[in-house]
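Here is the structure we will look at, set down as structure tokens.
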Amino acid sequence: MIDTPTPFDAARSLILQGRIVEAEALMVRELDAVTARHGAGSPQWASAQCDLGNVLFNAEQMGRAIECFRAAVSVSPHDYPGLHKDHLTYRSNLGMALRLAGRLDEAEQELRAGAQARLEFYGREHAGYAFGLEPLAELLLQRGDLAQARPVVEEMVANLHHNRHERVGAALALRAEIVRACGSGDETFPGIDWLPENVLEQLVLAVCGRMESGEPLLYRILLRELAAGLQMRLGPDHFATLKVLSDLANLNRNIGDEAGRAERVDAIRRVLAAHDRQGRAVDALHVAQGLALALGDAGETEEGLRAYAAAHERAVRLGRPEPISQTLRNWGLALQEAGRIDEAEARLAEAVRMAATGADPEMLGRGRIALGLFLQHQNRLGEARTVIEGGLAVLDPVHPDAIVGRSHLGAVLEGRTCGCGDMPETIATAFREFVLSKLPPDLLADLRVGIADNDFKIDVHLQREPTQDELHRLNGVVQSALAEFRHRLTEGN
42 MIDTPTPFDA
52 ARSLILQGRI
62 VEAEALMVRE
72 LDAVTARHGA
82 GSPQWASAQC
92 DLGNVLFNAE
102 QMGRAIECFR
112 AAVSVSPHDY
122 PGLHKDHLTY
132 RSNLGMALRL
142 AGRLDEAEQE
152 LRAGAQARLE
162 FYGREHAGYA
172 FGLEPLAELL
182 LQRGDLAQAR
192 PVVEEMVANL
202 HHNRHERVGA
212 ALALRAEIVR
222 ACGSGDETFP
232 GIDWLPENVL
242 EQLVLAVCGR
252 MESGEPLLYR
262 ILLRELAAGL
272 QMRLGPDHFA
282 TLKVLSDLAN
292 LNRNIGDEAG
302 RAERVDAIRR
312 VLAAHDRQGR
322 AVDALHVAQG
332 LALALGDAGE
342 TEEGLRAYAA
352 AHERAVRLGR
362 PEPISQTLRN
372 WGLALQEAGR
382 IDEAEARLAE
392 AVRMAATGAD
402 PEMLGRGRIA
412 LGLFLQHQNR
422 LGEARTVIEG
432 GLAVLDPVHP
442 DAIVGRSHLG
452 AVLEGRTCGC
462 GDMPETIATA
472 FREFVLSKLP
482 PDLLADLRVG
492 IADNDFKIDV
502 HLQREPTQDE
512 LHRLNGVVQS
522 ALAEFRHRLT
532 EGN
């Protein structure tokens, strides 16, 4: 028997495909249908509110997600005794959303109440209680209250370890950050020499996932310690070891100090050697390009160019046009930066020709944008315009290269050989085009998008009276555009 997917399953699939607006619209319809069938304030209504909140949460629309989670929490388990477990989940979701929205006082109140409710419902030894301690420890860490965070996280780890629960790896990752932040000198990763391999893998994924929002210098220490321990326990070619080394390299790139540049090159070389030992040609090609970039960033220009040439040879051995085009483009950009103009043009032009023989429009578009910018900088503006416009014709408007290309095209049209035009204005234009492409053509009379104080200012004028569904869709499209373009704005500045 095949289980029929629930509306939330379908919405989650849409989110994974990047179709946020459709996912939200699906859950709004489901909430309306549940309300009509069971009434507002029913357990079914609370569940639908939570599902919509989860979709909004994944779309980084925290304010609206909080409203949904708070609505779900408003349905009391005292009125519906079978609701206790779900109600605990609703409260945890509300607390986490409040935390991520920066509303820390409200979040702490909800998370402490949720942990206490879990203690009363499950008892201290049950893993369900530990699930309430985890978000509370996260909050206390975020607030810098390490004295309270440490006993909470230790109780959580002990509970999950006693229950042999699969989430103990994530708990150990949170504990490692708190212990290192405390500066107590206690062992950061206890049990790395005896924990089961699957737990170590979960620990690695959790540590690397937390790195994105953690303090970079602290995580450099954590990743160094973890990489050394894993190499001793699992060996230099194990997935977990390579994952930590790769993330250590990426972190050092972001930190950008001298010690980090050298450590980055060393980590990448170790990963590349492991892939070569295992015959993983595609992965090795990706890492080889990363090595070339790292060498260039470290000031090793000639060695970096030789690494680009070596990466191109790897791509040729694979025999597919897309990776060959990619390596040629990257090699050409490095040659341009090194001032070797004739060689750079040859590589960039060949990258476009090679991409045209493949089936990936993104690779073709990126190649054309790179060549077009090169031609612009060489004062060959007519050629540059044609090539950049060709790149924009095949790239998604929200693709980073499309935004850069559109901005440079503005400079080309003004007769300028360098500079990328007004990047905020370009991003605002792309934002506007994205929204208009998702709405009925007769809905808006005008949509003005501006940027002030490093954020979007939106002025919407309707052409006619919208339906309720159209209002929901308009709001969802705008929220999705904000989620998509805000980080583009930061990058552009």
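If you read the sequence shown in the working numbering, its first letter stands for residue 42, the second for the next number, and so on.
Cβ coordinates follow ideal geometry from the N, Cα and C atoms, glycine included.
Test item: CB-CB of residue i and residue j under 8 Å
| i | j | result |
| --- | --- | --- |
| residue 148 | residue 113 | no |
| residue 364 | residue 356 | yes |
| residue 275 | residue 246 | no |
| residue 123 | residue 109 | no |
| residue 136 | residue 164 | no |
| residue 468 | residue 499 | no |
| residue 362 | residue 408 | no |
| residue 222 | residue 259 | yes |
| residue 271 | residue 248 | no |
| residue 485 | residue 509 | no |
| residue 263 | residue 210 | no |
| residue 370 | residue 385 | no |
| residue 473 | residue 501 | no |
| residue 219 | residue 182 | yes |
| residue 151 | residue 174 | no |
| residue 106 | residue 98 | yes |
| residue 261 | residue 296 | yes |
| residue 519 | residue 476 | yes |
| residue 140 | residue 179 | yes |
| residue 352 | residue 330 | yes |
| residue 176 | residue 121 | no |
| residue 366 | residue 387 | no |
| residue 359 | residue 323 | yes |
| residue 372 | residue 339 | no |
Which residues DSSP lists as bridging residue i, in chain order
| i | result |
| --- | --- |
| residue 492 | 497 |
| residue 487 | 502 |
Expected contact under 8 Å - CB spacing of residue i and residue j to nearest Å
| i | j | result |
| --- | --- | --- |
| residue 405 | residue 435 | 6 Å |
| residue 310 | residue 332 | 6 Å |
| residue 414 | residue 440 | Between residue 440 and residue 414 the Cβ distance is about 15 Å, and since that is not below 8 Å, they are no contact. |
| residue 429 | residue 410 | 6 Å |
| residue 132 | residue 158 | 7 Å |
| residue 325 | residue 313 | 6 Å |
| residue 305 | residue 321 | So it is not a contact: roughly 21 Å between Cβ atoms. |
| residue 69 | residue 513 | 5 Å |
| residue 480 | residue 515 | 6 Å |
Endpoints, alpha helix (DSSP H) assigned at residue i
| i | result |
| --- | --- |
| residue 254 | Taken as a continuous stretch (DSSP letters only), residue 254 belongs to no alpha helix (DSSP H), as it is neither H nor E. |
| residue 76 | 61 to 79 |
| residue 414 | 402 to 418 |
| residue 39 | Not covered by the structure: residue 39. The range shown for the chain is 42 to 534. |
| residue 536 | Lying before the first or after the last residue shown, residue 536 is absent from the chain, which here runs from 42 to 534. |
| residue 219 | 209 to 223 |
| residue 199 | 187 to 203 |
| residue 86 | 84 to 99 |
| residue 125 | 125 to 141 |
| residue 340 | Unbroken run through residue 340: none, as it is neither H nor E. |
| residue 163 | 145 to 163 |
| residue 306 | 299 to 318 |
| residue 110 | 103 to 114 |
| residue 441 | 441 to 454 |
| residue 388 | 382 to 397 |
| residue 423 | 422 to 435 |
| residue 288 | 280 to 296 |
| residue 55 | 48 to 57 |
Residue i beta carbon near the ligand SAM (any heavy atom closer than 7 Å)
| i | result |
| --- | --- |
| residue 114 | With respect to the ligand SAM, the structure shown offers nothing to examine, as it has no ligands at all. |
Segment contact, 8 Å Cβ cut-off, at least three pairs: the region 64 to 71 with the region 45 to 52: Short answer: they touch.
Okay, do the region 183 to 191 and the region 157 to 171 touch, 3+ Cβ pairs below 8 Å being the bar? Taking 8 Å as the limit for Cβ pairs, the verdict is that the region 157 to 171 does not touch the region 183 to 191.
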